[in-house]
Amino acid sequence: MNSDGFNCNNVHSKISGGGATDIRLVKTANWFDFDSLKSRIMVAAGAGSGERICGGDGGGLNGLSTSQLISTDINSQLNATTGATQTSGGIFGCDVHFHICGYSGQFGIGGSGNNYEDSGPSGGGGYYGGGGMAWAGSASGGSSFISGHRLCNAISKYSTASRIYHTGNPKHYSGKYFTDTTMIDGQHRMPSPNLNSYEIGHQGNGYAIITYIAKNVVCSCRVYNFRINLFIFTNHYMTLGF
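In terms of the UniProt record's numbering, the sequence shown has 12 at position 12, counting the first letter as 1, and numbering is strictly consecutive.
Shown next as structure tokens:
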């Protein structure tokens with residue numbers, strides 16, 4: 001889990017993007033190790049952060065971005081960042097006055113603001129991370145992934161950190177996948193974590209809950225995250241991402 005992020009503020013600060021929550025098959029020393037990220041069979045994306053304006057929400061198949069561009073006497077945003085997709089990270093944004101750009105998102109990691117003096121908004125985590133913005137402006141959201149979900153694009157088992165391939169197939173190379181799935185991004189109505197109400201997106205840290213129902217029958221799996229955009233029902237699992 002990559003957490004401790006938020007979506008919007010109006011002050012100067014170093015701003016992390018919203019973290020992704022995932023289910024993975026390989027545990028390593030660091031959450032960002034490639035072999036561990038590669039083993040993810042479900043990812044609920046996080047939102048990009050924003051300075052002075054809001055960032056893009058975490059997405060379903062694609063991360064979300066905003067068309068807002070900041071413009072002040074001190075600095076202005078040259079281009080908008082973009083949300084992540086199923087095969088690439090979101091593209092970085094650049095600042096006009098200081099002539100500096102953020103970083104694009106990567107596989108499993110949101111792009112940073114890239115400034116040692118005043119790091120700008122960072123992209124949200126996800127299957128791929130959203131694009132980051134230097135200085136002030138809006139970063140974008142990450143993309144989500146569910147093994148078996150229509151139009152998802154699974155990573156190839158032959159991929160390495162330096163060369164990533166996609167299969168064009170929604171099922172993870174492990175053979176593990178979900179059925180009857182639905183994704184809801186951070187701009188649409190979804191059940192709240194307590195399941196007693198509904199909300200648009202979600203504020204706060206992410207978490208995952210797997211609930212035992214009955215022996216040899218079914219179980220319920222619920223995944224929650226910061227501004228997460230995922231809602232899944234299956235015959236064998238119920239998975240929620242916020």
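Ideal Cβ placement from N, Cα and C applies to all residues, glycine included.
Computed from a predicted structure; not experimentally measured.
In its chain, beyond the 5 residues on either side, 154 have a beta carbon closer than 6 angstroms to the beta carbon of residue 169. Under a 10 Å Cβ-count criterion, residue 61 is classified as buried, with 16 or more other Cβ atoms of the shown protein chains found around its own Cβ. The distance from the Cβ of residue 46 to that of residue 20 is about 5 angstroms, consistent with a contact at the 8 angstroms cut-off. Look at residue 178 here: in three-state DSSP terms it is coil, with no helix or strand label. When DSSP states are grouped into helix, strand and coil, residue 35 belongs to the helix group. Less than 9 angstroms separates the beta-carbon of residue 140 from that of residue 55. Setting aside the 5 residues that flank it on each side, residue 159 is surrounded in the same chain by 38 and 165, each with a C-beta closer than 7 angstroms to its C-beta; the list follows chain order. Using a 10 angstroms sphere on the CB of residue 177, the tally of other CB atoms reaches 16 or more, which defines it as buried. Under the three-state reduction of DSSP, residue 189 is assigned to strand. For the pair residue 15 and residue 49, the CB atoms are nearer than the 9 angstroms cut-off.
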